[in-house]
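Peer 1:
Residue numbers (this note's numbering): -5 to 225.
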């Protein structure tokens, strides 16, 4: 443990102020990254959750050390860990293309609550280290994740098209690019008189392809293709 924080381990006014200020600082760093990317839970949401969790831990300590209520000091903190799931669930969305969005934001909210619990308990080193790791994961590891997704050998696509010959053109495109079709599911809208159909392809790309971006551009430029979404 760092000796610089030793005088703040006890529940004093200076310690309470430091814990709450660090909670605002650490959660604010995480929340800024989410706000820049226009996620539903951004700067203020992360701060409120973190300081609330920190205050919960300090309340538990206050009841035990000052009021001398001999109860389970971890009970309130456990309720924070469980209760934050409801807020996190509100940030998770399933689009019409059956894509799931908001998982990273929900995980960030949960991690911010844990940081608040750690800082509220006076575990300053753990809270600061976890904050740095969260920012590292959300800012820098995201680039690695996008690279891995772009160079992944398998690709699942949902393609909507309105031309009867479009599917044949897509099959010819895959044959030309030496793309192997692992699975194909075709559905047609029964509520429309037009030929509105969609197909889900599971494709295997060859090593010669530079990435999924080129394949998506080629598919999007195919005549009759209305939309292309990666699953």
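Every residue, glycine too, gets a C-beta built ideally from N, C-alpha and C.
1) Identify the residues that DSSP records as bridge partners of residue 129: which are they?
2) Assign residue 1 to one of two classes, buried (16 or more other C-beta atoms within 10 Å of its C-beta) or exposed (fewer than that).
3) Using 8 Å as the threshold, is the stretch 2 to 12 in touch with the stretch 97 to 106, meaning 3 or more CB pairs across them?
4) Is it buried or exposed for residue 76, if we count other Cβ within 10 angstroms and need 16 for buried?
5) Less than 8 Å between the C-beta atoms of residue 17 and residue 48, yes or no?
6) Compute the distance between the beta-carbons of residue 209 and residue 106, then report whether it is under 8 Å.
7) Going by Cα to Cα distance, which pick from 216, 175 and 64 is closest to residue 149?
8) Is residue 10 helix, strand or coil when you go by DSSP?
9) Starting from the C-beta of residue 160, find all residues in its chain whose C-beta is less than 8 Å away, skip the five residues before and the five after it, and write them out in chain order.
10) Return the chain-ordered list of same chain residues with a C-beta closer than 8 Å to the C-beta of residue 119, the five sequence neighbours on each side being excluded.
11) From residue 58 to residue 196, what does the alpha carbon distance come to, in whole angstroms?
12) What number of angstroms, rounded off, separates the C-alpha of residue 228 from the C-alpha of residue 74?
13) Just the Cα atoms here: how many angstroms apart are residue 52 and residue 8?
Peer 2: Looking at the coordinates:
1) Start at 1 with the first residue of the chain shown, and residue 129 comes out as number 135. Per DSSP, none; premise fails for residue 129.
2) The residue given as residue 1 occupies position 7 in the chain shown. Exposed.
3) no
4) For the purposes of this step, residue 76 is taken as the residue at position 82 of the chain shown. The residue in question, residue 76, is exposed, as its Cβ has fewer than 16 Cβ neighbours within 10 Å.
5) Working through the chain shown from its first residue, we reach residue 17 at position 23. Working through the chain shown from its first residue, we reach residue 48 at position 54. Result yes, Cβ atoms of residue 17 and residue 48 sit closer than 8 Å.
6) As a position in the chain shown, residue 209 is number 215, starting the count at 1. As a position in the chain shown, residue 106 is number 112, starting the count at 1. No, the pair does not count as a contact, with Cβ atoms beyond the cut-off.
7) Counting from one through the chain shown, the residue named residue 149 turns up at place 155. Here the closest residue by C-alpha is 175.
8) Numbered from its first residue, the chain shown carries residue 10 at position 16. Residue 10: helix per DSSP, three-state reduction.
9) Numbered from 1 along the chain shown, position 166 holds the residue referred to as residue 160. So the qualifying residues of the chain are 216, 217, 218 and 219.
10) Position 125 of the chain shown holds residue 119. Sequence-distant Cβ neighbours of residue 119 in its own chain, meaning closer than 8 Å and more than five residues away, are -5, -4 and -1.
11) Along the chain shown, read from residue 1 onward, the residue named residue 58 stands at position 64. Along the chain shown, read from residue 1 onward, the residue named residue 196 stands at position 202. So the alpha carbons of these two residues sit roughly 58 Å apart.
12) The chain is shown only over -5 to 225; residue 228 falls outside these bounds and no answer can be derived.
13) Translated into positions along the chain shown, residue 52 becomes position 58. Translated into positions along the chain shown, residue 8 becomes position 14. Distance between the alpha carbons of residue 52 and residue 8: 13 Å.
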